[in-house]
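Offset between the sequence shown (1-based) and the working numbering: plus 8.
This report refers to the structure that appears directly beneath it.
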Amino acid sequence: MNASPLQPAQTQDAPVGTSLYGGVTNRRVTVRDLAKAKRTGERWAMLTAYDALTAGVFDEAGIPVLLVGDSAGNCHLGYETTVPVTMDQMVMLSAAVVRGTQRALVVADLPFGSYQESPAQAMHNAARLMKEAGVQAVKLEGGERSARTIELLVDAGIPVMAHIGLTPQSVHAFGGYPVQGRGDEAAHQLLRDAKAVQQAGAFAVVLEAVPADLAAQVTEHSAIPTVGIGGGNGTDAQVLVWTDFAGMTAGRVPKFVKQYADLRGTLARAAAEFAADVREGTFPGPEHSFS
């Protein structure tokens with residue numbers, strides 16, 4: 009594999025928050041904070057969120073960036089893929105996450121069909137997420153093919169997180185969710201995609217389901233933060249779908265997921281205990297009743 013076409017990261021510092029995990033306490037995290045984290049080598053976590061209650065928990069826990077992903081289609085709306093998710097649904101979910109948080113930078117996905125037609129279409133729908141939902145940034149899929157759109161949005165003052173590698177909105181074109189970037193040709197394309205979104209002005213780039221050594225190479229030569237999901241440990245940040253990491257997802261989860269809790273089991277046990285108490289007449293008891 010030849011040397012990466014990306015430019016090395018800049019090293020000059022900027023006078024922003026001292027740490028994503030504590031230094032920023034009286035305002036929201038910004039893209040400038042993430043840029044500084046890249047320069048100083050501070051890694052950070054991102055989780056998805058789709059409602060005010062869950063977002064508030066993650067915000068209080070110190071997660072600096074929350075993604076209102078179109079993954080809501082899979083894990084909350086009952087769709088098999090992210091493709092059916094609409095702009096109206098994304099606006100509603102994103103507004104809830106913004107209302108439930110005070111500190112996290114909230115990034116919202118532009119769903120399938122909301123930006124591919126033209127940069128003007130992307131501008132209209134990104135503006136909806138900024139104006140109606142109050143998010144601080146948007147995310148869209150695609151590398152070289154989306155560079156012109158990213159440039160237009162950034163020029164209009166809309167921070168953009170790019171997403172390359174495995175792009176779930178292209179599930180039907182991929183024929184599933186295969187690892188991307190394997191082999192020289194595919195690896196060079198990923199490097200070109202990373203360079204294109206950086207030059208277009210994206211403030212960060214998600215690398216999904218790519219070989220760990222390739223993700224590390226992109227990270228080393230990129231001036232913007234890289235966010236891995238199935239990209240190994242060499243990226244600047246990591247993101248997981250919250251229902252995966254918290255053990256809410258039924259069945260098999262992707263290889264790259266670490267489950268930090270068993271909320272599905274906890275909720276199931278609580279529901280079964282509630283049902284048993286009702287059947288046996290032990291709930292509600294006197295302490296749950298009015299006199």
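All C-beta atoms, glycine included, are put in the ideal place defined by N, C-alpha and C.
With a threshold of 16 other CB atoms inside 10 Å of the CB of residue 275, please say whether the residue is buried or exposed. Mapped onto the sequence shown, residue 275 falls at position 267. Burial call: exposed.
Using 7 Å as the cut-off, classify the Cβ of residue 273 as near or not near the heavy atoms of the ligand GTP, replying yes or no. With respect to the ligand GTP, the structure shown offers nothing to examine, as it has no ligands at all.
Among 230, 189 and 54, nearest to residue 77 - alpha-carbon criterion: As a first step, residue 77 is located in the sequence shown; it is residue number 69 there, counting from the start. Of 230, 189 and 54, the residue nearest in Cα terms is 54.
Can you list, in chain order, the residues of its chain whose CB lies under 8 Å from that of residue 307, leaving out five sequence neighbours each side? The chain is shown from 9 up to 299; residue 307 falls before or after that span and cannot be answered.
Is the beta carbon of residue 211 sitting closer than 8 Å to the one on residue 28? Start at 1 with the first residue of the sequence shown, and residue 211 comes out as number 203. Start at 1 with the first residue of the sequence shown, and residue 28 comes out as number 20. No, these two residues do not count as a Cβ contact at 8 Å.
Residue nearest to residue 161 in terms of C-alpha spacing, selected from 143, 131, 153 and 141: The sequence position of residue 161 within the sequence shown is 153, counting from 1. Comparing Cα-Cα distances from residue 161 to each of 143, 131, 153 and 141, the minimum goes to 131.
With 16 other Cβ atoms within 10 Å as the buried cut-off, status of residue 136: Within the sequence shown, residue 136 is the residue found at index 128, counting from 1. The residue in question, residue 136, is buried, as its Cβ has 16 or more Cβ neighbours within 10 Å.
Pop quiz: residue 224 and residue 151 are said to be a contact at Cβ under 8 Å. What is the actual Cβ separation, rounded to whole angstroms? The residue you call residue 224 lines up with position 216 of the sequence shown. The residue you call residue 151 lines up with position 143 of the sequence shown. The pair is not a contact, with the Cβ atoms about 18 Å apart (cut-off 8 Å).
Please determine, among 168, 142, 294 and 244, the residue with the shortest C-alpha to C-alpha distance to residue 49. Numbered from its first residue, the sequence shown carries residue 49 at position 41. Of the listed residues, the one whose Cα sits closest to residue 49 is 244.
From residue 216 to residue 290, what does the alpha carbon distance come to, in whole angstroms? Locating residue 216 in the sequence shown gives position 208, counting from the first residue. Locating residue 290 in the sequence shown gives position 282, counting from the first residue. Roughly 50 Å between the two C-alpha positions.
If you check the beta carbons only, do residue 5 and residue 235 fall under 8 Å apart? In the structure as shown, the chain starts at 9 and stops at 299, and residue 5 therefore has no counterpart that could be examined.
Could you have a look at residue 203 and say whether DSSP puts it in helix, strand or coil? Here residue 203 corresponds to residue number 195 of the sequence shown, with the count starting at 1. Note: residue 203 maps to helix in three-state DSSP.
Restricting to Cα atoms, I'd like to know which of 96, 282 and 254 is closest to residue 57. Numbered from its first residue, the sequence shown carries residue 57 at position 49. It is 254.
Could you give the C-beta distance for residue 144 and residue 36, rounded to a whole number, given that I count them as a contact under 8 Å? Here residue 144 is taken as the residue at index 136 of the sequence shown, counted from 1. Here residue 36 is taken as the residue at index 28 of the sequence shown, counted from 1. Yes, residue 144 and residue 36 are in contact; Cβ-Cβ is about 7 Å, under 8 Å.
According to DSSP, simplified to helix, strand and coil, what is residue 236? Position 228 of the sequence shown, counted from the first residue, corresponds to residue 236. DSSP places residue 236 within a strand segment (E or B) once states are collapsed to three.
Is the segment 172-185 touching the segment 89-97 in the sense that three or more CB pairs, one from each, lie closer than 8 Å? yes
Going along the chain, which residues of its own chain have a beta-carbon closer than 8 Å to the beta-carbon of residue 20, five neighbours each way excluded? Numbered from 1 along the sequence shown, position 12 holds the residue referred to as residue 20. At residue 20, the pLDDT of 41 sits below 50, so the modelled position is not reliable; the number obtained from the coordinates is stated separately. So the qualifying residues of the chain are 47.
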